[in-house]
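Chemist: Please see the structure below; I have some questions.
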Amino acid sequence: MLSSLSLRILATSDLHANLHPYNYYTDQPQNRGGLVRAGGVIASLRRAAENCLLVDNGDTLQGTPLGDFAAQSQCANGRPHPMVAAMNALNYDAMALGNHDFNYGLEFLQAALAGASFPAVLANIKRVDGESFVPPWVILDRDMQDMSGRSRRLRIGVIGFAPPQTLMWDRYLLEGKLEAEDILTAARREVRAVREAGADLVILLSHSGLGPTEEHPQMENAVVPLARLDGVDAVIAGHTHELFPAPNNAAPDWLDPNAGTIHGTPVVQPGAEGSHLGVIDLTLSEIDRDCWRVSNARGQLIRIAPPTAAAASTCKVPEIESCPDVIRATAEDHIATLGFIRRRVGETLVPLETYFALLANSAAVQVIADAQRDFAGQILRGHKLAHLPLLSAAAPFKAGGRGGPVNYTDIPKGPLAIKNAADLYVYPNMVAILKATGAQVRDWLERAACAFHQIRPDEPQQPLIDHRFAGYNFDVLDGLTYAIDVTVPARYSADGEEEYETPGRIRDLRHNGQLVTEDQEFLVVTNSYRASGGGHFKAPADAEQIWLERLSVRDVLVRYFTTYDRLSAVTNPTWRFADAGGIRAIAEIGPGALAYPDRIKEFGLDYLGVAETGFARFAMTL
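The sequence shown: position 392 = 788 (the numbering used here), numbered continuously.
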């Protein structure tokens, strides 16, 4: 007699080393996501299901000072990585690797994975000799209970994918060691292979988001065409920190946000930092003896972080209890991280905040630029190109965007500690020095100027800041002066994947008061991510690399704090908005900006209240 069974797949993605409900940047408890809180929800949802799998979709090991401290110390003293220890305690079945899991290098990643009691999979990134760095897929043999109560053996294939651009973003660590393949090309091959190996069910862990609907080579966000492939039963998406399904998802005929399907395949993308848990419920029907097919499927999200106006949705909101097993497994790591982040490194005489960093020059961005310039000046002493003008490219790493209205840096004047350096500079990027032409510098700034919507003279109350744009891509090139004209279309899309034929937004680009020429040469100190073209910046990728060593920008920042001790961070008048004839636009920034009335007055902002998104709304004259 043929039967059927139900299977629940629980999925996390883009946890970014968010473990305990604690903000290591502000050194305060927080009632947000994280794996400790998610663990309580996971336990509850497991108890409610006859059969259950738990998987993670990558970008797990990096993203907070907890992850940074683990990279510096944990593997060296034999302790498992705290995220791996937590996942072991929760009995994860498998994980994929994301691009940020490579940020600390292969040796670290191998050591971290060695402590895992579950397999890691990745099909489209391999060693240059063709050998797998980790297996492309795994078949999980699991005994499941069918609807009649009988035990049935199910063979579940799990395949992992990451953006092929991973090798570009961490080129300085991975070049000559790994090679990347197109996600769709690898998927077709490996889905066929795992089916031939006897898998009854195939799940794709795709550290890739919902992007273009049509396939093209080397897609970064390939989930939509992936969901269309034959032989795929479920897809876990990630990478872009977005939510699927969600009420605001566009709904072409191939996408059903109510059922959580794309091309009929169940898909979930659970945000980031443990904000949500992805849940896919499958009904499998036996169409022949021990031959199973999915007969019904639904994808949904369960909210872990408390609901806020900034993330309003119809996602279910459970009562959450933290997972004691995870707390016990990682308590020592949490305490050690607190000691690490509290180490004093200097003092600032001015607040370092990023609330206004997309509206005007920012002391928080300036201090990064100053630290880089100071370091580069030492490196270039006696160099044959030392006569060239030196620019410093810096950006506000936390400036709203998809991170929401709390995603800002806010360091009060007073003592500086490691936690503050990490808050200013979130990623473990290395220092790089490039030689760039005036034309390349201009294009570099055109990509950064995509942070803003086009403002039209005949439309009132237009939004200025494009929240789809990542703040860490708003590079300010200190050492130049220039204006941004937001009345003309941006040259690139917010994500940088599309380029348009426009005159460009950068006006009056000058160095030392003189207009910059196309063939003029500069040295630019930046980070390894940008030097590799990260953020879809073509200009730095095409520029000549002068210097790159494995020294993080954050370490340079700490050295700067320690050397100069009392920072005044005098803000240079690097950029401004071009005169737009008095047009009034609406700037949405974090409500924490209200604690800085002098800045609000300085920029002529008129407070309009808090938007449904949770951002504070200000009217601004351009």
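A virtual CB, placed ideally from N, CA and C, is assigned to each residue, including glycine.
(1) Take S513 as the anchor and find which of R946, P476, H416 has the nearest alpha-carbon.
(2) In the DSSP output, which residue or residues are listed as bridge partners for K831?
(3) How would you call A707, buried or exposed, if buried means at least 16 neighbouring beta carbons within 10 angstroms?
(4) Using a Cβ-Cβ cut-off of 8 Å (strictly less than) and excluding sequence neighbours within five positions of M543, which residues of its own chain qualify?
(5) Three or more C-beta pairs under 8 Å: does that hold for the segment 763 to 770 against the segment 447 to 464?
(6) Using DSSP with H/G/I as helix, E/B as strand and the rest coil, what is V628?
(7) To which residues of the same chain is A782 closer than 6 Å at the C-beta, ignoring the five residues directly before and after it?
(8) Would you mind sorting K1062 into buried or exposed? The rule is 16 or more other CB atoms within 10 Å of its CB.
(9) Starting from the Cα of L905, find the closest Cα among P885, D839, A847 and give me that residue.
(10) Quick check: what's the CA-CA separation for A705 versus N803?
(11) Roughly how far, in whole angstroms, is the beta-carbon of A976 from the beta-carbon of I861, given that I think they are within contact range, below 8 Å?
(12) Taking 8 Å as the threshold, find out whether the segment 572 to 592 comes into contact with the segment 600 to 616 through three or more Cβ pairs.
(13) Between A647 and the rest of its own chain, which residues show a CB-CB distance below 7 Å, the 5 nearest in sequence each way excluded?
(14) Evaluate contact between the segment 475 to 490 and the segment 717 to 730, counting only Cβ atoms and requiring at least three cross-stretch pairs below 8 Å.
(15) From the DSSP output, in three-state form, read off C711 for me.
(16) Just to confirm, is the Cβ distance from A989 to F870 under 9 Å?
(17) If you drop the 5 nearest sequence neighbours on each side, which residues of the same chain put their C-beta closer than 7 Å to that of H672?
(18) With DSSP as the reference, label W565 as helix, strand or coil.
(19) Whose C-beta lies closer than 7 Å to the C-beta of D1028 among residues of the same chain, with five residues either side of it excluded?
(20) Rounded to whole angstroms, what's the CA-CA distance from L569 to N825? Just pull it up for me.
(21) Taking one C-beta from the segment 940 to 960 and one from the segment 734 to 743 each time, how about it: are there three or more such pairs within less than 8 Å?
(22) Does P425 have its Cβ less than 9 Å from a Cβ in chain D?
(23) With a threshold of 8 Å, are at least 3 pairs of Cβ atoms found where one atom belongs to the segment 486 to 505 and the other to the segment 452 to 469?
(24) Identify which residue in L518, D770, P801 has its Cα closest to the Cα of L786.
(25) Mapping the DSSP letters down to three states, classify L401 as helix, strand or coil.
(26) Quick one: is V713 buried, meaning 16 or more other Cβ sit within 10 Å of its Cβ, or exposed?
(27) In terms of residues, what are the limits of the beta strand (DSSP E) holding D961?
(28) Flag this pair as touching only if the segment 669 to 684 and the segment 427 to 437 have three or more C-beta atom pairs under 8 Å; answer yes or no.
(29) Kindly give me the distance between the Cβ atoms of R950 and P936, rounded to whole angstroms, as I take these residues to be in contact under 8 Å.
(30) Out of A618, L505, S788, point me to the one whose CA is closest to V920's CA.
Modeler: According to the structure shown:
(1) Cα-wise, what sits closest to S513 is P476.
(2) Paired residues: L919, E940.
(3) Unreliable placement is indicated for A707, whose pLDDT of 42 sits below 50; the coordinate value is still reported in the next sentence. Its Cβ being crowded by 16 or more others within 10 Å, A707 is buried.
(4) Result list for M543: S399, S400, L401, S402, in chain order.
(5) Put simply, the segment 763 to 770 does not touch the segment 447 to 464. Fewer than three CB pairs are less than 8 Å apart.
(6) In the structure shown, V628 sits in coil (DSSP, three-state: anything other than H, G, I, E or B).
(7) Excluding five sequence positions before and after A782, the CB atoms of its chain that fall closer than 6 Å to its own CB belong to L776, given in chain order.
(8) In the structure as shown, the chain starts at 397 and stops at 1018, and residue 1062 therefore has no counterpart that could be examined.
(9) If we check each option's Cα against that of L905, D839 comes out closest.
(10) Confidence is the limiting factor: at A705 the pLDDT is only 42, short of 50, which leaves the residue's position unreliable, though a coordinate-based value still follows. Take the alpha-carbon of A705 and the one of N803: they are about 14 Å apart.
(11) With a Cβ gap of about 15 Å, A976 and I861 do not count as contacting.
(12) These segments touch.
(13) Counting only Cβ-Cβ distances below 7 Å, and skipping sequence neighbours, we find P653.
(14) Because the criterion of three Cβ pairs below 8 Å is met, the segment 475 to 490 and the segment 717 to 730 touch.
(15) In this prediction, C711 scores a pLDDT of 46, lower than 50, which makes its location untrustworthy; the coordinate-derived value is nonetheless stated afterwards. C711 falls in the coil class under three-state DSSP.
(16) For A989 and F870, no; Cβs fall outside 9 Å.
(17) The residues are L639, P666, L697, I698, R699, I700, C711.
(18) If DSSP states are grouped into helix, strand and coil, W565 belongs with the helices.
(19) The displayed coordinates of the chain run from 397 to 1018. Any statement about residue 1028 would go beyond what the structure contains.
(20) A straight line joining the alpha-carbon of L569 with that of N825 spans about 11 Å.
(21) Under the three-pair Cβ rule at 8 Å, the segment 940 to 960 counts as touching the segment 734 to 743.
(22) Looking for chain D here will not work: only one protein chain is present.
(23) Because the criterion of three Cβ pairs below 8 Å is met, the segment 486 to 505 and the segment 452 to 469 touch.
(24) Comparing Cα-Cα distances from L786 to each of L518, D770, P801, the minimum goes to D770.
(25) Three-state DSSP puts L401 in a strand.
(26) Low confidence applies here, because V713 scores a pLDDT of 47, under 50, leaving its location unreliable; read the following figure in that light. Burial check for V713: the Cβ neighbour count within 10 Å stays below 16, so the residue is exposed.
(27) For D961, there is no enclosing beta strand (DSSP E), as DSSP gives it neither H nor E.
(28) Flag = yes, the segment 669 to 684 and the segment 427 to 437 touch.
(29) Taking 8 Å as the upper bound for CB-CB distance, R950 and P936 are not in contact here, some 19 Å apart.
(30) Minimum Cα distance to V920 is reached at S788.
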